[in-house]
Amino acid sequence: MTLAASPDAPAIPLGGPRLPQERRLTTAIPGPRSQELLARKAATVAAGVGHTAPIAAVAAGGGVIVDADDNSLIDLGSGIAVTTVGNAHPAVVQAVQEQVAQFTHTCFMISPYESYVAVCEALARVTPGDHAKKSALFNSGAEAVENAIKIARKHTGRPAVVAFDHGYHGRTNLTMALTAKSMPYKAGFGPFAPEVYRAPVSYPFRDGLSGADAAARAISVMEKQIGADALAAVIIEPIQGEGGFIVPADGFLPAIAAWCRQNGVVFIADEIQTGFARTGAMFASELFGVVPDLITTAKGLAGGMPLAAVTGRAEIMDATHTGGLGGTYGGNPVACAAALAAIDAYENEGLIARAREVGDILFSRLQGLGDPRIGDVRGRGAMVAAEFVDPATGDPDAATAGALARACIAQGVIVLTCGTHGNVLRFLPPLTIPDPLLHEAMDVLAAALAALPAQEA
Ligand code: PLZ
Numbered sequence: 010m011t012l013a014a015s016p017d018a019p020a021i022p023l024g025g026p027r028l029p030q031e032r033r034l035t036t037a038i039p040g041p042r043s044q045e046l047l048a049r050k051a052a053t054v055a056a057g058v059g060h061t062a063p064i065a066a067v068a069a070g071g072g073v074i075v076d077a078d079d080n081s082l083i084d085l086g087s088g089i090a091v092t093t094v095g096n097a098h099p100a101v102v103q104a105v106q107e108q109v110a111q112f113t114h115t116c117f118m119i120s121p122y123e124s125y126v127a128v129c130e131a132l133a134r135v136t137p138g139d140h141a142k143k144s145a146l147f148n149s150g151a152e153a154v155e156n157a158i159k160i161a162r163k164h165t166g167r168p169a170v171v172a173f174d175h176g177y178h179g180r181t182n183l184t185m186a187l188t189a190k191s192m193p194y195k196a197g198f199g200p201f202a203p204e205v206y207r208a209p210v211s212y213p214f215r216d217g218l219s220g221a222d223a224a225a226r227a228i229s230v231m232e233k234q235i236g237a238d239a240l241a242a243v244i245i246e247p248i249q250g251e252g253g254f255i256v257p258a259d260g261f262l263p264a265i266a267a268w269c270r271q272n273g274v275v276f277i278a279d280e281i282q283t284g285f286a287r288t289g290a291m292f293a294s295e296l297f298g299v300v301p302d303l304i305t306t307a308k309g310l311a312g313g314m315p316l317a318a319v320t321g322r323a324e325i326m327d328a329t330h331t332g333g334l335g336g337t338y339g340g341n342p343v344a345c346a347a348a349l350a351a352i353d354a355y356e357n358e359g360l361i362a363r364a365r366e367v368g369d370i371l372f373s374r375l376q377g378l379g380d381p382r383i384g385d386v387r388g389r390g391a392m393v394a395a396e397f398v399d400p401a402t403g404d405p406d407a408a409t410a411g412a413l414a415r416a417c418i419a420q421g422v423i424v425l426t427c428g429t430h431g432n433v434l435r436f437l438p439p440l441t442i443p444d445p446l447l448h449e450a451m452d453v454l455a456a457a458l459a460a461l462p463a464q465e466a
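First residue of the sequence shown: 10, per this note's numbering; consecutive thereafter.
Pasting the structure below:
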């Protein structure tokens with residue numbers, strides 16, 4: 010019954026860098042075997058679980074994802090910023106295989122094991138700041154964010170939390186409350202967790218404010234509408250991800266962090282999307298000169314295995330009573346083994362420099378399009394986006410961004426959209442993507458954009 014078992018199935022090549030690094034279309038997208046899976050999906054998977062690229066993936070590595078019809082698509086999404094070290098990275102594969110054969114699970118709260126501790130040691134080393142740090146491990150980004158808020162509340166004894174316009178922090182109840190965008194994340198899913206407040210962010214393309222002015226505007230909201238005495242934590246993505254790859258103006262983040270420090274408010278950087286070499290630094294906080302009190306990580310942390318962490322100042326992390334943090338699977342040994350291999354790759358395979366190279370190519374190619382429908386090209390390192398606008402009014406143009414993404418996918422280039430208005434195309438390729446594939450993907454995008462009728466908006 011599996012796709013691979015079908016008699017006419019192509020032999021599935023191994024993933025990882027061994028896959029031929031090429032865009033190859035053997036059928037229309039989706040091909041017949043992908044359509045077969047999508048029909049089964051529609052019949053049995055809850056309608057709420059959508060998908061962006063309508064293919065049945067069977068292997069991935071380098072810069073491609075291969076489907077069940079033997080199409081090879083260029084991957085500019087990394088499974089939403091997860092496979093930064095490359096899909097099925099050989100060291101990750103080996104670490105997982107070795108660990109899974111030893112033991113799959115004990116529950117760290119029952120019988121501890123070394124790899125969990127080693128991941129926490131590595132996180133203390135690679136995260137910003139040279140203060141004493143501790144960590145706790147979880148399964149998903151949302152779970153890490155929930156726990157960061159729990160820890161900040163326990164440490165401060167205060168209830169309120171501030172998140173920002175365009176912020177995204179997850180789909181659990183507390184993290185839905187922290188997330189700004191209603192559709193598709195929140196609509197109909199309330200009531201939401203209380204004591205969550207929203208402040209305006211710095212969005213230079215839209216607000217034209219300096220970092221200092223944008224920070225003053227946010228601080229005024231925090232002081233006047235909440236009061237520092239009630240505020241446990243401020244949580245912010247140093248570069249907002251789902252909200253549109255919004256890079257704050259210089260000085261914004263340091264001013265918010267300084268205000269937090271002066272007022273005993275825990276400053277939490279949500280680096281779940283920006284972390285681990287993606288932005289051309291190990292963490293995006295470094296690009297803006299901020300040292301967060303707590304930092305949440307997931308996605309790139311374990312090279313494709315589900316693992317998340319809260320890392321921060323030891324005195325804050327230790328505020329919680331023993332037994333106050335945990336979960337059955339948090340810091341699963343197989344995921345921890347993968348994380349140790351992935352972190353080693355970030356530190357020793359030149360991936361930070363590679364993120365800058367990839368970003369330079371994306372930036373120059375996108376800017377070189379010179380299309381008036383692209384209002385802004387922005388990002389850092391290999392986290393780059395183009396914001397689509399109506400050239401006449403500057404209003405967000407989600408129709409063009411969406412049509413372009415669909416056209417690229419149909420041509421074998423997987424691109425994702427984002428943005429509160431859905432009008433941003435984002436590029437997050439695995440850092441193992443070869444340059445020629447990156448250029449080919451940009452050629453496909455340029456042709457698709459040129460072919461889009463202006464009226465499709
Ligand atoms: N914080 C900054 O980017 C996850 C979500 C996609 P989880 N972003 C992708 C979707 O539609 O669900 C994310 C993030 C930031 C938190 C999260 C949540 O991480 O691992 O998806 O729970």
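For every residue, glycine included, the Cβ atom is placed at its ideal position computed from N, Cα and C.
Reducing DSSP to helix, strand and coil, say where residue i ends up.
{"i": "residue 249", "result": "strand"}
{"i": "residue 326", "result": "helix"}
{"i": "residue 396", "result": "strand"}
{"i": "residue 405", "result": "strand"}
{"i": "residue 66", "result": "strand"}
{"i": "residue 132", "result": "helix"}
{"i": "residue 291", "result": "coil"}
{"i": "residue 277", "result": "strand"}
{"i": "residue 423", "result": "strand"}
{"i": "residue 362", "result": "helix"}
{"i": "residue 58", "result": "coil"}
{"i": "residue 166", "result": "coil"}
{"i": "residue 270", "result": "helix"}
{"i": "residue 149", "result": "coil"}
{"i": "residue 160", "result": "helix"}
{"i": "residue 35", "result": "coil"}
{"i": "residue 49", "result": "helix"}
{"i": "residue 144", "result": "strand"}
{"i": "residue 451", "result": "helix"}
{"i": "residue 344", "result": "helix"}
Considering only their Cβ atoms, is the gap separating residue j from residue i smaller than 8 Å?
{"i": "residue 311", "j": "residue 351", "result": "yes"}
{"i": "residue 322", "j": "residue 142", "result": "yes"}
{"i": "residue 184", "j": "residue 155", "result": "yes"}
{"i": "residue 73", "j": "residue 82", "result": "yes"}
{"i": "residue 211", "j": "residue 217", "result": "no"}
{"i": "residue 136", "j": "residue 292", "result": "yes"}
{"i": "residue 317", "j": "residue 265", "result": "no"}
{"i": "residue 90", "j": "residue 233", "result": "no"}
{"i": "residue 188", "j": "residue 425", "result": "no"}
{"i": "residue 38", "j": "residue 157", "result": "no"}
{"i": "residue 361", "j": "residue 416", "result": "no"}
{"i": "residue 349", "j": "residue 149", "result": "no"}
{"i": "residue 378", "j": "residue 455", "result": "yes"}
{"i": "residue 151", "j": "residue 181", "result": "yes"}
{"i": "residue 421", "j": "residue 80", "result": "yes"}
{"i": "residue 344", "j": "residue 315", "result": "yes"}
Would you tell me roughly how many angstroms separate the C-alpha atoms of residue i and residue j, rounded to the nearest one?
{"i": "residue 401", "j": "residue 407", "result": "15 Å"}
{"i": "residue 103", "j": "residue 442", "result": "21 Å"}
{"i": "residue 342", "j": "residue 159", "result": "24 Å"}
{"i": "residue 373", "j": "residue 197", "result": "41 Å"}
{"i": "residue 78", "j": "residue 460", "result": "27 Å"}
{"i": "residue 324", "j": "residue 313", "result": "31 Å"}
{"i": "residue 207", "j": "residue 29", "result": "47 Å"}
{"i": "residue 466", "j": "residue 53", "result": "Any reading at residue 466 must be qualified, since the residue scores a pLDDT of 44, below 50, and its modelled position is unreliable; the value itself is stated next. In a straight line, the C-alpha of residue 466 is about 34 Å away from that of residue 53."}
{"i": "residue 404", "j": "residue 179", "result": "27 Å"}
{"i": "residue 409", "j": "residue 386", "result": "15 Å"}
{"i": "residue 161", "j": "residue 242", "result": "6 Å"}
{"i": "residue 260", "j": "residue 112", "result": "48 Å"}
{"i": "residue 272", "j": "residue 238", "result": "8 Å"}
{"i": "residue 128", "j": "residue 335", "result": "16 Å"}
{"i": "residue 246", "j": "residue 388", "result": "13 Å"}
{"i": "residue 366", "j": "residue 446", "result": "14 Å"}
{"i": "residue 262", "j": "residue 288", "result": "16 Å"}
{"i": "residue 430", "j": "residue 177", "result": "13 Å"}
{"i": "residue 236", "j": "residue 250", "result": "28 Å"}
Just confirm the distance between the C-beta atoms of residue i and residue j, as a whole number of angstroms; I'd bet it's less than 8 Å.
{"i": "residue 472", "j": "residue 440", "result": "The requested residue 472 does not occur in the structure, where the chain is confined to residues 10 to 466."}
{"i": "residue 368", "j": "residue 252", "result": "About 19 Å separates the two Cβ atoms, so there is no contact after all."}
{"i": "residue 68", "j": "residue 95", "result": "Their Cβ separation, rounded to whole angstroms, is 13 Å, which puts residue 68 and residue 95 out of contact at 8 Å."}
{"i": "residue 394", "j": "residue 254", "result": "4 Å"}
{"i": "residue 319", "j": "residue 145", "result": "5 Å"}
{"i": "residue 70", "j": "residue 32", "result": "Wrong, their Cβ atoms sit about 14 Å apart, outside the cutoff."}
{"i": "residue 116", "j": "residue 331", "result": "Not a contact, Cβ separation roughly 16 Å."}
{"i": "residue 458", "j": "residue 380", "result": "6 Å"}
{"i": "residue 186", "j": "residue 201", "result": "4 Å"}
Check: Where are the beta strand (DSSP E) runs, 3 residues long or more, that stay fully inside the stretch 171-242, in chain order?
Finding: 205-208
Next item on the list: Would you list, in sequence order, the uninterrupted beta strand (DSSP E) runs of no fewer than 3 residues that lie entirely inside the stretch 70-111?
Entry: The stretch 70-111 is shown to contain whole beta strand (DSSP E) runs of 3 or more residues at 73-76 and 81-84, in chain order.
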